[in-house]
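The sequence shown begins at 3 in the working numbering and counts up by one. Yeah, the Cβ is synthetic: ideal placement off N, Cα and C, and Gly gets one too. As structure tokens, the structure follows; a few thoughts come after it.
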Amino acid sequence: MTVRTRWRHVKRYRQIAAVLMKYGLGYVLEQSGLYRFLPLPRSAVLRACDTSREACLGGRLSAALMELGPAFVKVGQMLSTRADLFPVEFIEELERLQDKVNPFPYPQVVEQLTRELGPPDQVFASFDPQPLAAASLGQVHRATLRSGEAVIVKVQRPGIQEQVENDLEIMESLAAMVEHRSPWARQVGLAALTAEYGRMLRRELDYDREAKNTERCYRNFAGDARVVIPRLYGQYSTPRVITEEYIEGVKLSDIRELDARGWDRSRISRLGTEAFLTQILVHGFFQADPHQGNMLAVAEDRIAFIDFGQMGSITGRRLEVLGGLLVSVTRQDIDGVIAAFQDLGIIPEGPVNVESLQDDIADLVERVYSREIGDIDMNRLRVDLMDLSFRYRLQLPPYLMAIFKALVTVEGVGKKLDPGFNFAEVATELAEKVVKERLSPENLLRTARRRYYHDIRPLLGLPRNFNNLVRITGQNRLG
């Protein structure tokens, strides 16, 4: 870390070092150079190093990140998608990270709204000072527009951008220091990884981006009467405030209220699963962190999604390969699975024992299909895949990890609504339908055109370019 950076953040460095020491993370202190900010000799810091089981280490690191604040929690959550870098036990501890915080006072809400939109009593007909929910980056309040529409207003936590920027600068500096000291960190490119996660977190702080996500999802489901997406009020939204339609509904976790209304929970469970899978398989744009709080039953036959701050995206090409992967798994075609992994960039370049990998994938697929389809445990499947990734250093793309994590959550919600819920059956039906549609003549022609312009057309210029190169070389015009 530079002297300038160190002095600007010296107080925060001391806080971070004290928290790491508190949780016995002496190895991290030593590798990052933060031991210098403790009033202890280096030998005492090293004695605090505990290299016990990964789960215990992951748990202590998670507790430290929680105490250090939003930026550290968010980066920890992002690291939980890297199953190729950490063992399963470590990943599962990082996935438990929550950014639960106390709401900030209402006078600060008024101050933030006044800066962004104007005084709340002039902008809104009514504004509830009690928040509906609070998180590390912002909180949500109910309000009514002067035109009469019921809305929710998401207000960014005052000062959070500056706090996050400071912590990200510190983390990026520490990552560079660890890379200097650790061969493992250099191998995985820890500094570049931390910088990328910083860019992702900065995007999450930009409410304009979340507003665009909401509008995109609104358009995606515009023709589906079963799915409700809140309308965005752009004139009352800024990079630090979002105003959206208030959706009246029942949280899927509120079993008592669903039963009191006499709604068929099995039907709701199936509809919610189909709608979420549609985000992934049809739209290629999905909520990367779904939970019971952002899925609402509006009626027995209508489901609503809210909160589009964290989204995953899959390109058309990836959707095609994922479709092929699904077909290969269904047919227990291990060669097809390996080929799809290669197309998705999952199998790293370099020495990989392909035969051993094939055997382990075959074993995984066999374990899946040795059970009744309704008994397939998505979380068990995900854990097995993470274990495979760590052993072979498979580079599972973040969007694929986000999909698996989202599907585990959706399956859990479905089974809570209906213990007999058959997630795999619903998923297979929709996936087969999507794959069949993508194999239609029209879609195949569109795919062929895209591949022509992307892969084939550039090759047609090679002979001409080669001739030009020979002519230029003969005329001594190189350089």
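Query - Cβ separation of Gly140 and Val166, assumed to be a contact under 8 Å, to the nearest whole Å - result: For the purposes of this step, residue 140 is identified with residue 138 of the sequence shown, where counting begins at 1. For the purposes of this step, residue 166 is identified with residue 164 of the sequence shown, where counting begins at 1. Wrong, their Cβ atoms sit about 12 Å apart, outside the cutoff.
Report task. Scan the segment 248-299 and note each continuous alpha helix (DSSP H) run of 4 residues or more that stays entirely inside, going in chain order. Result -> 257-262, 267-280
Query raised in the report: What does a CB cutoff of less than 8 Å around Thr216 pick up in its chain, not counting 5 residues either side in sequence?
Result: Position 214 of the sequence shown, counted from the start, is the residue given in the question as residue 216. Contacts found: Ile231, Pro232, Leu234, Ile244, Glu246, Phe310.
Report task. Rank Glu322, Pro292, Gln344 by C-alpha distance to the C-alpha of Glu413 and give the top, closest one. Result -> Here residue 413 corresponds to residue number 411 of the sequence shown, with the count starting at 1. Taking each of Glu322, Pro292, Gln344 in turn and checking the Cα distance to Glu413, the smallest one comes out for Pro292.
Requested in this report: Compare the Cα-Cα distances from Ile270 to each of Leu387, Ile282, Gln281, Asp256 and report the closest residue.
Outcome: Translated into the one-based positions of the sequence shown, residue 270 becomes position 268. Selected option, being the one with the closest Cα: Asp256.
Query raised in the report: Could you give the residue range of the alpha helix (DSSP H) that holds Phe343?
Result: Numbered from 1 along the sequence shown, position 341 holds the residue referred to as residue 343. That run of the alpha helix (DSSP H) goes 336-345.
Query raised in the report: Hey, out of Glu357, Glu151, Gly314, Met313, whose CA is closest to Tyr238's CA?
Result: Sequence index remark: in the sequence shown, residue 238 carries index 236 (1-based). With distances taken between Cα atoms, Tyr238 lies closest to Glu151.
Query raised in the report: Which residues in the same chain have their Cβ closer than 6 Å to the Cβ of Gly286, if we skip the five residues on either side of it in sequence?
Result: Walking along the sequence shown from the start, residue 286 turns up at place 284. Same-chain partners within the cutoff: Ile316, Leu321.
Report task. Return the CA-CA distance between Met202 and Pro400, expressed in angstroms with no decimal places. Result -> Here residue 202 is taken as the residue at index 200 of the sequence shown, counted from 1. Here residue 400 is taken as the residue at index 398 of the sequence shown, counted from 1. Roughly 12 Å separates the two Cα atoms.
Report task. Identify whether Thr245 lies in helix, strand or coil by the three-state DSSP scheme. Result -> Taking the first residue of the sequence shown as position 1, residue 245 is located at position 243. The answer is strand: DSSP assigns Thr245 an E or B state.
**Report entry** Length at least 4, wholly inside the segment 365-420: the alpha helix (DSSP H) runs in chain order
**Finding:** For the segment 365-420, whole alpha helix (DSSP H) runs of length 4 or above, ordered along the chain, are 380-394, 400-419.
Requested in this report: Starting from the Cα of Ala342, find the closest Cα among Ser358, Ile363, Asn355 and give me that residue.
Outcome: Sequence index remark: in the sequence shown, residue 342 carries index 340 (1-based). Residue Ile363 is the option with its Cα nearest to Ala342.
Requested in this report: Using three-state DSSP, classify Ala85 as helix, strand or coil.
Outcome: On the sequence shown, residue 85 is found 83 positions in, with the first residue counted as 1. Residue state, collapsed to three classes: coil.
Report task. Grab me the residues of Arg384's own chain with a C-beta within less than 7 Å of its C-beta, minus the 5 sequence neighbours each way, in chain order. Result -> Against the sequence shown, residue 384 aligns to sequence position 382. Once the five neighbours on either side are set aside, the close Cβ partners of Arg384 are Phe406, Val410.
Query raised in the report: Is DSSP giving Ile349 helix, strand or coil here?
Result: Position 347 of the sequence shown, counted from the first residue, corresponds to residue 349. Coil.
Query - Contacts around Asp169, its chain only, beta-carbon distance under 6 Å, and the 5 residues preceding and following it disregarded - result: Residue numbering aside, residue 169 sits at position 167 when the sequence shown is read from its first letter. For Asp169, where only same-chain residues beyond five positions count, the Cβ hits under 6 Å are Ala73.
Requested in this report: Would you list the residues sitting across from His143 in a DSSP beta bridge?
Outcome: Counting from 1 along the sequence shown, the entry for residue 143 is found at position 141. Bridge partners of His143: Val155.
**Report entry** DSSP three-state assignment for Gly314, whether helix, strand or coil
**Finding:** As a position in the sequence shown, residue 314 is number 312, starting the count at 1. Three-state DSSP puts Gly314 in a strand.
Query - Between the CA atoms of Met388 and Ile93 - distance to the nearest angstrom - result: Locating residue 93 in the sequence shown gives position 91, counting from the first residue. Locating residue 388 in the sequence shown gives position 386, counting from the first residue. Using only the alpha carbons, I get a separation of about 9 Å.
Requested in this report: Assign Ala19 to one of three DSSP states: helix, strand, or coil.
Outcome: Here the question's residue 19 lines up with position 17 in the sequence shown. Looking at Ala19 - three-state DSSP - the assignment turns out to be helix.
Query raised in the report: Val112 and Ala136 look like a contact to me (Cβ under 8 Å); what is the Cβ gap, rounded to whole Å?
Result: Counting from one through the sequence shown, the residue named residue 112 turns up at place 110. Counting from one through the sequence shown, the residue named residue 136 turns up at place 134. No, Val112 and Ala136 are not in contact; Cβ-Cβ is about 16 Å, not under 8 Å.
Query raised in the report: Along the chain, which unbroken stretches of the alpha helix (DSSP H) at least 4 residues long are found entirely within the segment 63-143?
Result: Counting whole runs of 4 or more residues, the segment 63-143 contains the alpha helix (DSSP H) stretches 72-81, 90-97, 108-118, 122-125.
**Report entry** Beta-carbon proximity check, Gly314 vs Phe288, cutoff 8 Å
**Finding:** Your numbering for residue 314 matches position 312 in the sequence shown. Your numbering for residue 288 matches position 286 in the sequence shown. In this structure, Phe288 lies closer than 8 Å to Gly314 by Cβ.
Report task. Flag this pair as touching only if the segment 10-18 and the segment 29-46 have three or more C-beta atom pairs under 8 Å; answer yes or no. Result -> Taking a cut-off of 8 Å on C-beta distances, the segment 10-18 touches the segment 29-46, as three or more cross pairs fall below it.
Requested in this report: Find out if the Cβ-Cβ distance for the pair Phe129, Pro121 is shorter than 8 Å.
Outcome: The residue you call residue 129 lines up with position 127 of the sequence shown. The residue you call residue 121 lines up with position 119 of the sequence shown. No, the pair does not count as a contact, with Cβ atoms beyond the cut-off.
**Report entry** Among Asp337, Leu346, Leu119, nearest to Gly318 - alpha-carbon criterion
**Finding:** As a working note, residue 318 is residue 316 in the sequence shown. When only C-alpha atoms are compared, the closest one is Leu346.
Query - Contact under 8 Å by Cβ, Ile305 with Gly274 - result: The residue given as residue 305 occupies position 303 in the sequence shown. The residue given as residue 274 occupies position 272 in the sequence shown. Contact: yes.
Query - Anticipated Cβ contact below 8 Å, Val252 with Ala187, distance rounded - result: To locate residue 252, count along the sequence shown from 1; it is residue 250. To locate residue 187, count along the sequence shown from 1; it is residue 185. With 8 Å as the limit, Val252 and Ala187 do not qualify as a contact, their Cβ atoms being about 47 Å apart.
**Report entry** Gln163 versus Arg117: straight-line alpha-carbon distance, rounded
**Finding:** For the purposes of this step, residue 163 is taken as residue 161 along the sequence shown, with counting starting at 1. For the purposes of this step, residue 117 is taken as residue 115 along the sequence shown, with counting starting at 1. The straight-line gap from Cα to Cα measures roughly 15 Å.
Query raised in the report: Thr83 and Ala404: beta carbons closer than 8 Å?
Result: Numbered from 1 along the sequence shown, position 81 holds the residue referred to as residue 83. Numbered from 1 along the sequence shown, position 402 holds the residue referred to as residue 404. Taking 8 Å as the Cβ cut-off, Thr83 and Ala404 qualify as a contacting pair.
Report task. Just tell me which of Arg98, Phe88, Pro133, Val77 has its CA closest to the CA of Phe106. Result -> Residue 106 sits at position 104 when you count from the first residue of the sequence shown. It is Pro133 whose Cα lies nearest to the Cα of Phe106.
Query raised in the report: Anyone know if the C-beta pair for Tyr199 and Val323 falls short of 8 Å?
Result: Translated into the one-based positions of the sequence shown, residue 199 becomes position 197. Translated into the one-based positions of the sequence shown, residue 323 becomes position 321. No, the pair does not count as a contact, with Cβ atoms beyond the cut-off.
Query raised in the report: Does DSSP classify Ala301 as helix, strand or coil?
Result: Residue numbering aside, residue 301 sits at position 299 when the sequence shown is read from its first letter. Here Ala301 sits in strand by DSSP.
Query raised in the report: Under three-state DSSP, which class holds Val229?
Result: For this step, residue 229 is matched to residue 227 along the sequence shown. In the three-state scheme derived from DSSP, where H, G and I count as helix and E and B as strand, Val229 is classed as strand.
Query raised in the report: When you compare each of Arg333, Glu32, Pro241 to Asp210 by their alpha carbons, which one comes out closest?
Result: Mapped onto the sequence shown, residue 210 falls at position 208. Among Arg333, Glu32, Pro241, the Cα nearest to that of Asp210 belongs to Pro241.
Requested in this report: Would you check if the distance between the CB atom of Ala277 and the CB atom of Val356 is smaller than 8 Å?
Outcome: The residue you call residue 277 lines up with position 275 of the sequence shown. The residue you call residue 356 lines up with position 354 of the sequence shown. In this structure, Val356 does not lie closer than 8 Å to Ala277 by Cβ.
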